[in-house]
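Inspection log for the structure reproduced underneath, given as structure tokens.
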């Protein structure tokens, strides 16, 4: 993953990433398990430079999951993002990504105002 175009911080003084994901069919439960491990580490204070980590599911008109997800991640700076990628749960998730977990992975750097 090329992170060279990501700024160190934005004008808000932090770095926020919004990711739109489509998970490979049949692997949604595995993604939720892995994302849950990351969420648990963040909630336990294991990533001090991660200010927030929220993962949501997109649902259809009947409220059923579509296999698409949106994550909203907030870090103190780019170094916090890099540290996040270096944790054991994130490394486990990235290994699965390399094995085709994501069909689509689009992210935006956003700035709170």
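Residue numbers (full-length UniProt numbering): 1 to 113.
C-beta: ideal position from N, C-alpha, C; glycine also.
Element boundaries [beta strand (DSSP E), containing residue 52]: 50-59
First and last residue of the uninterrupted alpha helix (DSSP H) at residue 95: 88-98
Local conformation of residue 113 per DSSP, three classes: coil
Straight-line Cα distance separating residue 48 from residue 2: 23 Å
Residue 101 in three-state terms, based on DSSP: coil
Spatial distance of residue 78 from residue 17 (CA atoms): 10 Å
Proximity to residue 103 [Cα-Cα], best of 13, 71, 22: 22
Own chain residues within Cβ distance below 8 Å of residue 12, not counting five before or after: 111, 112, 113
Residue interval of the alpha helix (DSSP H) (run including residue 68): Per DSSP, residue 68 belongs to no alpha helix (DSSP H); it is in the beta strand (DSSP E), 65-75.
Where residue 89 falls, given that 16 or more other Cβ within 10 Å makes a residue buried: buried
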